[in-house]
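Undergrad:
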Amino acid sequence: HDLPVIISRDSSYTQANIHSLVTTYTLLPASPASTMAEQNPMVTLQTELSRFRRATLNSAVKDADKLLELLIQAREQVANASDPHRASLTMTKLQNPVTAGFDAINNDLKEVSKAQKTFGKALDKSFPLRPLSTDYDAMAAYPSLINRAVAMHMLREGQFSVASTFLREAHERPPPLSANNPTLDADIHSLQSRELQDKFASMYKILNELKNRKLVPAIEWARLNSDELEARGSNLEFELSKLQFVWLFKGPEINGLPDDEHNGRIGALAYAQKHFGRFQTRHIKEIQQLSCAMVYASNIGQSPYANIFETSAAFDDVALSFTREFCSLLGLSAESPLYVAATAGAIALPQLIKYTTYVKAKRTEWTTESELAFETPLPRSMVYHPIFVCPVSKEQTTEQNPPMMLPCGHVICKESLQRLTKGSRFKCPYCPNEGHIKDAREIKL
1 HDLPVIISRD SSYTQANIHS LVTTYTLLPA SPASTMAEQN PMVTLQTELS RFRRATLNSA
61 VKDADKLLEL LIQAREQVAN ASDPHRASLT MTKLQNPVTA GFDAINNDLK EVSKAQKTFG
121 KALDKSFPLR PLSTDYDAMA AYPSLINRAV AMHMLREGQF SVASTFLREA HERPPPLSAN
181 NPTLDADIHS LQSRELQDKF ASMYKILNEL KNRKLVPAIE WARLNSDELE ARGSNLEFEL
241 SKLQFVWLFK GPEINGLPDD EHNGRIGALA YAQKHFGRFQ TRHIKEIQQL SCAMVYASNI
301 GQSPYANIFE TSAAFDDVAL SFTREFCSLL GLSAESPLYV AATAGAIALP QLIKYTTYVK
361 AKRTEWTTES ELAFETPLPR SMVYHPIFVC PVSKEQTTEQ NPPMMLPCGH VICKESLQRL
421 TKGSRFKCPY CPNEGHIKDA REIKL
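Residues in the sequence shown are numbered from 1 upward in steps of one, following UniProt numbering.
(1) Should Arg148 be labelled buried (16 or more other beta-carbon atoms within 10 Å of its own) or exposed?
(2) Among all the DSSP beta bridges, which residues are the ones paired with Val389?
(3) Where Ala346 and Ala140 are concerned, what is the direct C-alpha to C-alpha distance, given to the nearest angstrom?
(4) Rounded to the nearest angstrom, what separates Leu290 and Arg265 at their Cα positions?
(5) Apart from the five residues on each side of it in sequence, which residues of its chain come closer than 6 Å, Cβ to Cβ, to His153?
(6) How do the segment 89 to 105 and the segment 118 to 128 stand: do at least 3 beta-carbon pairs fall below 8 Å, yes or no?
(7) Tell whether a beta-carbon distance below 7 Å holds between Ala222 and Phe249.
(8) By Cβ distance, which residues of its chain are closer than 6 Å to Asp439, with the 5 residues on each side in sequence left out?
(9) Could you work out which residue in Asp65, Phe309 and Val246 is closest to Asn263 when comparing CA atoms only?
(10) Rounded to the nearest angstrom, what separates Glu169 and Lys242 at their Cα positions?
(11) What do you get for Asn107, buried or exposed, if any count of 16 or more other CB atoms within 10 angstroms of its CB means buried?
(12) Please go through the segment 311 to 375 and give each complete alpha helix (DSSP H) segment of 4 or more residues, from N-terminal end onward.
(13) Using alpha carbons as the reference points, say which of Ile206, Glu325, Asn401 and Ala344 lies closest to Asn225.
(14) Using C-beta distances below 8 Å, list every residue in its chain close to Pro386, excluding the 5 sequence neighbours before and after it, in chain order.
(15) With a threshold of 6 Å on Cβ separation, who are the neighbours of Glu209 within its own chain once the five nearest residues in sequence on each side are excluded?
(16) Would you call Thr343 buried or exposed, if buried means 16 or more other Cβ atoms sit within 10 Å of its Cβ?
(17) Taking 7 Å as the limit between beta carbons, can you name the residues of its chain near Leu229, skipping five residues before and five after?
(18) Give a yes or no on whether the C-beta atoms belonging to Val389 and Ser416 are separated by under 7 Å.
(19) Could you check what DSSP says for His436 in three-state terms: helix, strand or coil?
(20) Does the distance from the CB of Thr92 to the CB of Glu48 come in under 7 Å?
(21) So Ser126 and Glu239 are in contact, right, with Cβ under 8 Å, and what is the actual spacing, rounded?
(22) Would DSSP call Val411 helix, strand or coil?
(23) Taking the runs of the alpha helix (DSSP H) that are 4 residues or longer, which of them lie wholly in the segment 212 to 292?
(24) Can you give the Cα-Cα distance for Pro97 and Arg130, rounded to whole angstroms?
(25) Return yes when the Cβ of Met404 is within less than 7 Å of the Cβ of Glu442, no when it is not.
(26) What residue from Phe160, Glu434, Leu57 and Lys62 has the CA that sits closest to Lys110's CA?
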């Protein structure tokens, strides 16, 4: 059976939204005599997790509130007592309830502590530390690249002081030089530059404004970089302006902006007349839809344009687009490479470990070095390049062995084409056409 396990993203990995990484815990066949818990260690872990969730501090807080209320009442009685003996009697009567209150709080805390320890033991038992089945650490020879990835991730997350400390310590204790580990002084200095830190600080400032439903800083940034965004074919500036129109259209009751001529339907119309003209070439249809929506202003929710004015996820979407475009102008990917690598490894590693363990047990070996014996189970969001399998050799194409299109239109890999070539001519393996080697073209999928 396959049991889903949720591995939450740590706060240091959080960018625009909190996401979860879903991996699959694959169970090996168990003997019929095995119990359910033995077959599936996750059953025990889920049971302890339920107990851990029930063991909250609510009871301790309630008991503490009762004790505080008791002490406050006693203080008022002592303050209002005219007879010193009555005050002494009040303090004497208070001893037993206070002791009982502290005992109750301690018992509540013991229950929480017990649940924490029990869950920790169950976690260690369900996921014991085992040596990896593979003896080769692919990244062990590249500590400088790892340091750079960690430092860049910290900068991207806005942890500038932590990144500065990390870079300083990495520079003070550099890894030993080797053929596989060249110096990265130039890259390290570029990460330490104030300019790069200032750019990321600016990005986080704008993202914080978007979180607070303030679009003006992001629009100003997009206008300042409009030439670069236009060259990339980006729609970010228009999407921001479009959302600003919609946000103004909703009026002060929803957007919380000042109730003046710059807000509401009149403000939205004035904004469109002032700023939408420059977008007519590429976005005339969307501008027409926004204009026609003014006719349905009193009943926009039931109009054909209702989806355009739905803003529940619009600000999150535009924040993601802004982050992607901002990083692209810096020559960086939208997602942190360190996070992507760690996430992909967490997804793929269990299956790889299971496979290598099985191969070792059977005393067999996979002889193809350029590819695995199975497909890596990564989600579509982590597939960054197309995969083409040559119909002749049944191998995946690579940069060294790219796909080649023949004059007849069929596609095979370069190595297969070279094996089929006699002299400078070849015959297509899938049709009767013949061609010249110079007529074959490398294609980019």
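Beta carbons are placed, not taken as given, at the ideal position from N, Cα and C, and that holds for glycine.
Model, not experiment: these values are computed from the prediction.
TA: Judging by the given coordinates:
(1) buried
(2) Gln396
(3) 18 Å
(4) 11 Å
(5) Ser336 and Leu338
(6) no
(7) no
(8) Pro407
(9) Val246
(10) 46 Å
(11) exposed
(12) 314 to 329 and 337 to 361
(13) Glu325
(14) Leu445
(15) Pro217
(16) buried
(17) Ala222, Leu236, Glu237 and Glu325
(18) no
(19) strand
(20) no
(21) Actually they do not touch by this definition, with Cβ atoms about 46 Å apart.
(22) strand
(23) 216 to 224, 226 to 231, 236 to 249, 252 to 255 and 264 to 275
(24) 52 Å
(25) yes
(26) Leu57
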